[in-house]
Structures are given as structure tokens and as C-alpha cells.
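Numbering (the working numbering), first residue to last: 6 to 453.
Don't be surprised by glycine CBs; every beta carbon is placed ideally from N, CA and C.
Note that the structure is predicted; figures quoted are calculated from it, not measured.
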Ligand code: GDP
């Protein structure tokens with residue numbers, strides 16, 4: 006992704022050449038050093054010859070050389086882990102939900118400096134009324150400092166647009182459950198080496214800035230999701246509100262979240278021995294919820310610096326200016342500080358609950374009915390040797406029984422035929438002898 010000047014003198018976000026090969030239906034983006042933004046600045050050393058992997062390896066070897074003989078070497082274990090994880094790459098799935106037109110796609114593009122919605126078709130009012138909650142997935146491969154991230158954005162367009170929104174969150178919860186189910190199947194399958202993790206790690210829920218707090222549909226939606234995903238509430242288009250209005254709306258939303266018992270994502274507490282600065286950052290993050298965000302991908306000149314923002318007749322709203330909105334806090338939380346915790350919570354809490362529920366259902370079904378349709382393929386049990394012996398014996402008996410019946414049928418036919426022949430040629434005396442011979446043959450055949 007890079008920035009290029011537009012005709013009007015301001016800078017616009019344009020797609021950069023793809024540097025790494027495409028994977029799946031996603032695209033690859035490598036952040037360049039020409040971006041003025043902190044997220045991209047971190048990527049400025051991407052072109053360096055020494056990758057982070059080789060750097061860690063040589064650092065470990067240097068440490069080994071310099072240490073005394075008592076140095077065993079297990080201090081390099083974190084480095085080994087780091088190397089392995091970097092090699093494997095990371096994946097993260099983010100869901101965005103909320104009413105149409107609240108700036109979801111603009112914010113996602115601003116967060117990841119990419120245009121994920123190029124092929125989006127905007128629907129007219131009539132189409133939007135009929136539209137169901139259709140879930141779309143966009144995948145992009147991002148690379149920064151040699152670290153690869155496969156980012157998936159799950160979009161829930163049209164949510165809340167229809168006249169009748171009853172149970173409109175069901176497709177969303179079904180989607181999340183499907184991903185859990187797929188993961189459960191893969192995990193229980195034979196090949197567990199390359200399991201794709203498509204579970205939703207975080208759901209950004211957009212709240213309208215024009216209301217007086219949460220609407221009933223917001224409450225219902227968040228409640229439906231709370232046990233399945235990490236819900237992070239956002240106040241959309243914060244530039245439509247004054248600072249005092251934002252403060253009031255935030256308080257109102259927080260109160261309603263408490264009142265309705267909505268479980269949103271809880272930031273983990275800082276360790277007590279953590280730096281004072283980190284503790285303050287953590288406190289600030291918790292107090293900022295719900296984050297008031299502004300999305301915009303236009304690059305403008307402000308005080309001699311290139312910034313992303315929105316240009317109005319009365320001035321410029323800067324997306325990354327902390328005094329304008331919480332965009333920076335949200336991005337730091339999502340990407341820099343809490344991405345791993347979001348994944349851990351998904352795995353250890355939401356997925357674990359799903360898995361436990363699934364196993365419990367299976368066990369109770371199995372108890373009720375021995376033959377159940379299980380989500381995990383049940384392997385055939387090996388038959389004990391005694392059982393096999395019995396089975397073979399039974400089959401042998403069946404076969405010999407069938408042979409005996411067949412022979413009896415043949416005998417009866419033979420007898421009828423010979424009797425008919427002897428009566429026809431009128432050999433009354435010799436017929437007795439003949440019958441005796443045939444009877445003897447029959448007896449021999451029966452006992453064979
Ligand atoms: P979506 O339907 O929720 O994905 O919304 P879009 O991202 O398509 O945005 C809808 C409109 O809102 C577009 O015209 C955007 O330029 C505008 N928009 C997006 N973010 C903001 C914002 O933070 N503030 C304001 N005022 N407008 C925004």
C-alpha cells in the first residue's frame with residue numbers, strides 16, 4: 006500500500022504492487038517504508054538482508070560464546086519459539102457488524118491500510134429492504150518485518166436495515182458456530198497438521214452516533230454474540246459529535262451495557278510489577294470503551310505532515326489524532342497489544358465452551374441411543390478374537406446347511422427322473438434293481 010498525490014494536491018490511498026504471491030482468494034500486501042503512519046513505519050526495515058529469524062539465531066550463538074561454561078542454553082527457548090511462530094505465520098479473523106453506512110468498510114481499510122472492499126456492490130434502498138443478513142469474507146496476506154499475517158475480515162452487511170429485523174443476528178451466530186464446528190472436526194480428524202483457524206477472534210460492533218445510547222437491536226445483537234466472540238463496541242463516525250456529546254454517549258452506552266448484562270471483551274489486567282507507563286495505558290484503554298472512531302483514507306497535508314483524515318469546509322478531522330478520536334487506541338489494541346489475547350480468549354473461553362457443550366450433547370445422545378450421528382467420525386472398534394471365532398463358526402454352519410438343502414433337491418429330481426424312465430421302457434423287474442442303485446448313489450451323495 007502506498008500513497009500518491011491526487012490532482013487536487015491531497016494524497017490518496019492507492020494499491021501498491023503485490024509483492025508476495027497470492028494465497029487462496031486473498032491478496033498479499035507488504036507495507037512499505039513510504040507511509041507516514043506508525044503501523045507502516047514499523048515495516049520500514051522489511052527490505053533488510055538480515056531477517057528476524059537469522060538475527061535471533063546469531064544472537065543466541067553469540068550469547069553461547071560469551072557466557073561461561075555453566076551456560077546450558079535453555080535461555081534461547083523463547084527465541085526458538087519466536088522463530089517457529091514467525092516461520093509459520095499468524096492468522097486473525099475480525100468481524101465487523103452494525104447498521105449499513107456506519108463506516109465499517111472505511112474503518113477496516115483505515116486499520117489495515119488496504120482496500121478490502123474494491124468489489125463491493127452498493128445496493129439501492131429497495132434491494133436493501135429485501136436483503137438478508139449475508140455474510141462475506143475478505144482475506145488479505147500482510148507482511149511486516151518478515152512476519153506474515155493472514156487477515157480475514159468477516160462482514161455482516163445490511164444488518165439492521167430491513168423493516169423486520171427479528172432474529173437478524175441468527176445467521177451471524179450460525180456462522181460463528183459453523184467455524185467452531187469446522188475447527189472441532191479438523192482437530193478431531195486424522196490430519197491435524199495444517200488446521201485452518203477461521204474462528205472469529207474479535208467482533209467490532211458499530212453503534213450509531215445519532216441515537217441516545219443503545220437501540221434494542223444493539224442490545225439483542227451483542228447479547229446473542231457475547232458467549233461466542235469477543236465483542237468490542239465502537240461509536241461510529243465520532244466526528245459527527247462534539248467532545249461533550251461523545252463523553253455523554255460513552256457513559257450512556259457503558260451504563261446500558263451494565264444494565265442489560267452484556268458481556269463485552271474484557272481487557273486483561275496488567276501485572277502488578279508492570280511499568281507505570283503501561284499501567285496508565287491499560288487504564289486509559291479501559292476507560293475509553295466504547296471507542297469513538299473516525300474512518301478516512303484520504304491523505305492530507307496538516308502542519309507540513311501527511312496525515313489521514315476527513316476534509317470539511319471548517320477544517321480537517323485527523324483519524325489518528327488522539328484528541329480527535331480513539332482510532333489509534335483501537336488499532337493499538339487490536340494489532341499491537343491485544344491480538345494474541347483476543348485469540349487466546351477465543352480458544353480458551355468461547356471455543357472451549359462450544360467444545361464442552363458439543364461433547365456433553367454427544368455423550369447424552371450416546372447414552373440415550375447407542376448409535377448416534379456424531380460430529381466426529383467414530384472409528385470402528387476392533388473385534389476381539391473370541392468374537393471373530395464365533396462369527397466364523399456361524400458362517401460355516403450357514404454354508405453347510407445351504408449345501409445340504411441343495412443336495413436334497415438334486416436327489417428328489419434324480420429319483421423322479423429315473424422312475425419316469427424305468428416305467429416308460431416297461432422294465433418292471435430290473436426297475437427294482439435300478440431304484441436300489443440310485444438310492445445307494447443318493448445316500449453316498451448326502452453323506453459326502
Ligand atoms: P458501511 O456500509 O458501514 O461499510 O459504511 P461505509 O464505510 O461504506 O461508509 C458509508 C459512508 O460514510 C461513506 O460515504 C463514508 O465516506 C462515510 N464515512 C465513513 N466513515 C466515516 C466517519 O468516520 N465519519 C463520517 N462523517 N463519515 C464517514
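**Request:** Pull up the distance between the alpha-carbon of residue 421 and that of residue 402, whole angstroms please.
**Result:** Numbered from 1 along the chain shown, position 416 holds the residue referred to as residue 421. Numbered from 1 along the chain shown, position 397 holds the residue referred to as residue 402. Answer to the nearest angstrom: the Cα atoms are 29 angstroms apart.
**Residues bridged to residue 160 (per DSSP)** = The count along the chain shown starts at 1 and reaches residue 160 at position 155. Residue 160 is bridged to 101 and 141.
**Prompt:** Buried or exposed: where does residue 316 fall if 16 or more other Cβ atoms within 10 Å of its Cβ makes it buried?
**Reply:** Numbered from 1 along the chain shown, position 311 holds the residue referred to as residue 316. The residue is exposed, with fewer than 16 neighbouring Cβ atoms inside 10 Å.
**Asked** Under a Cβ-count criterion, where at least 16 other Cβ atoms within 10 Å of its own Cβ denotes burial, should residue 48 be classed as buried or exposed?
**Response** Counting from 1 along the chain shown, the entry for residue 48 is found at position 43. Since pLDDT at residue 48 reaches only 36, below the 50 mark, its modelled position is unreliable, and the value read off the structure follows with that caveat. Residue 48 comes out buried.
**Request:** For residue 361, collect the residues of the same chain with a Cβ closer than 6 angstroms to its Cβ; drop the 5 residues on either side in sequence, then sort them by chain order.
**Result:** What you label residue 361 is simply residue 356 of the chain shown in a count that begins at 1. If we look at residue 361 and ignore the five residues flanking it on each side, it has no Cβ neighbours.
**Prompt:** CB-CB under 6 angstroms to residue 99, same chain, minus the five flanking residues each way: which ones, in chain order?
**Reply:** Along the chain shown, read from residue 1 onward, the residue named residue 99 stands at position 94. Correct list, in chain order: 158 and 207.
**Request:** Can you say whether residue 266 is buried or exposed, counting buried as having 16 or more other CB atoms within 10 angstroms of its CB?
**Result:** The residue labelled residue 266 in the question sits at position 261 within the chain shown. Classification of residue 266: exposed, given that the 10 Å Cβ count is below 16.
**Asked** Do residue 241 and residue 178 have their CB atoms nearer than 8 angstroms?
**Response** Here residue 241 refers to the residue found at position 236 of the chain shown. Here residue 178 refers to the residue found at position 173 of the chain shown. No.
**Any alpha helix (DSSP H) of 4 or more consecutive residues that is wholly inside the segment 186-250** = 221-230
**Message:** Whole angstroms are fine: how far does the CA of residue 235 sit from the CA of residue 175?
**Reply:** On the chain shown, position 170 is the one that residue 175 refers to. On the chain shown, position 230 is the one that residue 235 refers to. Each residue's alpha carbon lies about 17 angstroms from the other.
**Entirely enclosed alpha helix (DSSP H) segments - the segment 336-369, minimum 4 residues** = 344-350
**Asked** Taking 7 angstroms as the line, does the beta carbon of residue 226 fall inside it for any heavy atom of the ligand GDP?
**Response** As a first step, residue 226 is located in the chain shown; it is residue number 221 there, counting from the start. Residue 226: no, Cβ never under 7 angstroms from the ligand GDP.
**Cβ neighbour criterion (16 or more within 10 Å) applied to residue 312** = Taking the first residue of the chain shown as position 1, residue 312 is located at position 307. Counting Cβ neighbours within 10 Å, residue 312 comes out buried, since at least 16 surround it.
**Request:** Less than 8 angstroms between the CB atoms is what I'm expecting for residue 324 and residue 300, so what's the real figure, rounded?
**Result:** Walking along the chain shown from the start, residue 324 turns up at place 319. Walking along the chain shown from the start, residue 300 turns up at place 295. 7 angstroms between Cβ atoms; contact.
**Asked** Within the present structure, is the beta-carbon of residue 247 separated from the nearest heavy atom of the ligand GDP by less than 7 angstroms?
**Response** Residue numbering aside, residue 247 sits at position 242 when the chain shown is read from its first letter. Not so, every heavy atom of the ligand GDP lies at least 7 angstroms from the Cβ.
**Item:** residue 296 in three-state terms, based on DSSP
**Value:** Your numbering for residue 296 matches position 291 in the chain shown. Strand, per DSSP.
**Message:** DSSP three-state label for residue 271, please.
**Reply:** Locating residue 271 in the chain shown gives position 266, where the first residue counts as 1. Looking at residue 271 - three-state DSSP - the assignment turns out to be coil, as it is neither helix nor strand.
**Request:** Verify whether the separation of the beta carbon atoms of residue 156 and residue 298 is less than 8 angstroms.
**Result:** Counting from 1 along the chain shown, the entry for residue 156 is found at position 151. Counting from 1 along the chain shown, the entry for residue 298 is found at position 293. Not in contact: residue 156 and residue 298 (Cβ atoms no closer than 8 angstroms).
**Request:** Please confirm whether residue 268 and residue 310 have their CB atoms less than 8 angstroms apart.
**Result:** In the chain shown, the residue the question calls residue 268 occupies position 263. In the chain shown, the residue the question calls residue 310 occupies position 305. Not closer than 8 angstroms, so no.
**Asked** Residues bridged to residue 314 by DSSP?
**Response** Reading the chain shown from its first residue, position 309 is the one you call residue 314. Paired residues: 303 and 323.
**Prompt:** Is the number of C-beta pairs between the segment 269-279 and the segment 85-96 that are closer than 8 angstroms three or more?
**Reply:** no
**Request:** Could you name the residues of the same chain whose beta carbon sits closer than 7 angstroms to that of residue 275, not counting the 5 residues immediately before and after it, in chain order?
**Result:** On the chain shown, position 270 is the one that residue 275 refers to. For residue 275, where only same-chain residues beyond five positions count, the Cβ hits under 7 angstroms are 283, 284 and 287.
**Item:** Reduced DSSP secondary structure (H/G/I, E/B, other) of residue 95
**Value:** Along the chain shown, one-based indexing puts residue 95 at 90. Three-state DSSP puts residue 95 in a strand.
**residue 355 versus residue 103: straight-line alpha-carbon distance, rounded** = If you number the chain shown from 1, residue 355 lands on position 350. If you number the chain shown from 1, residue 103 lands on position 98. The straight-line gap from Cα to Cα measures roughly 21 angstroms.
**Prompt:** Under 7 angstroms from any heavy atom of the ligand GDP, does the C-beta of residue 303 make it?
**Reply:** Residue 303 sits at position 298 when you count from the first residue of the chain shown. It does not: the Cβ of residue 303 is nowhere closer than 7 angstroms to a heavy atom of the ligand GDP.
**Separation of residue 247 from residue 110, as counted between CA atoms** = Residue numbering aside, residue 110 sits at position 105 when the chain shown is read from its first letter. Residue numbering aside, residue 247 sits at position 242 when the chain shown is read from its first letter. The straight-line gap from Cα to Cα measures roughly 23 angstroms.
**Request:** Classify residue 255 as helix, strand or coil using the three-state DSSP reduction.
**Result:** Here the question's residue 255 lines up with position 250 in the chain shown. Helix.
**Request:** Compare the C-alpha of residue 254 against each of 290, 223 and 216 and name the closest.
**Result:** Sequence index remark: in the chain shown, residue 254 carries index 249 (1-based). Comparing Cα-Cα distances from residue 254 to each of 290, 223 and 216, the minimum goes to 216.
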